[in-house]
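Worksheet: the structure to be examined is printed underneath.
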Amino acid sequence: MQIRVVPFDHPDAAKLIDLVQQEYVTRYGDPDVTPVSPDEFAPPHGTFLVGYRDDVPVACGGWRAHDEPPEFRPGDAELKRMFVVPSERGNGYARQMLAALERTAVAAGRTRAVLETGTKQPEAIALYRSSGYTEIDKFGVYKNDALSLCLAKELTDTQER
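Laid out in structure tokens, this is it:
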């Protein structure tokens, strides 16, 4: 998989974001309603990545800087829209995308990755936990949602690249 930085509103990103929103509807009955703006995912305060196999977009993910207490700490990078198309799952693309997001966050000076996922996404939870993410207090629009799970991982510039 070749990973490229693209704008959040790039056509390939938009296609994959639509698919991940459909996945949320299937699993939870509604799309993710967390407010997002394309500008938040523009360097240096964020990034959005699309993974391609044979020039076909198959995976995506992004991060945006958050430094606002009490929910966030200075240096936080919130991961959003991690997704791999169903036909390409099981090929390690999610792990590659997660590693690329962490690397770009570290390169931008971010010190911790945070994310919100749901309990009906056991594959995502397994990926994050096996990658060193641990549970933190819930944040954002799903702060009081019983199906929400928030995780974090300290990032360092010496992480495996």
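The sequence shown begins at 457 in our numbering and counts up by one.
Cβ coordinates follow ideal geometry from the N, Cα and C atoms, glycine included.
Treat the numbers as computed from the prediction; the structure is a model and nothing was measured.
Cβ of residue i within 8 angstroms of any chain B Cβ
i	result
Leu472	In summary, chain B is missing from the structure at hand, where a single protein chain is found.
Sub-8 angstroms separation of residue i and residue j beta-carbons
i	j	result
Ala515	Met553	yes
Leu505	Ala569	no
Ile459	Gly531	no
Pro463	Pro513	no
Arg509	Glu544	yes
Leu557	Gly517	yes
Thr503	Thr567	no
Gln477	Pro487	yes
Val461	Val597	no
Rounded C-alpha distance that separates residue i from residue j
i	j	result
Gly548	Phe539	12 angstroms
Gly588	Lys609	6 angstroms
Pro542	Lys536	18 angstroms
Gly413	Ala555	This structure does not reach residue 413, given that the chain is present from 457 up to 617, and the question cannot be answered.
Val562	Arg529	15 angstroms
Gln577	Arg483	8 angstroms
Pro500	Leu603	32 angstroms
Glu524	Glu496	14 angstroms
Own chain residues within Cβ distance below 7 angstroms of residue i, not counting five before or after
i	result
Glu616	Confidence at Glu616 is low in this model, with a pLDDT of 48, below 50, so the placement of that residue should be treated as unreliable; the coordinate-derived value is given next. Nothing meets the Cβ criterion.
Leu472	Val506, Pro513, Cys516 and Phe539
DSSP bridge partner residues for residue i (one or two, in chain order)
i	result
Gln458	Tyr508
Ala515	Gly507 and Val540
Thr590	Ala608
Thr573	Leu605
Neighbourhood of residue i by C-beta distance below 6 angstroms, restricted to the same chain and skipping five residues each side
i	result
Ile592	Cys606 and Ala608
8 angstroms CB neighbourhood of residue i in its chain, flanking five on each side removed
i	result
His522	Phe528, Asp532, Ala533, Glu534 and Val570
Phe595	Glu527, Phe528, Val570, Glu572 and Cys606
- Start-end ranges of the alpha helix (DSSP H) lying completely within the segment 541–569, minimum 4 residues: 549–563
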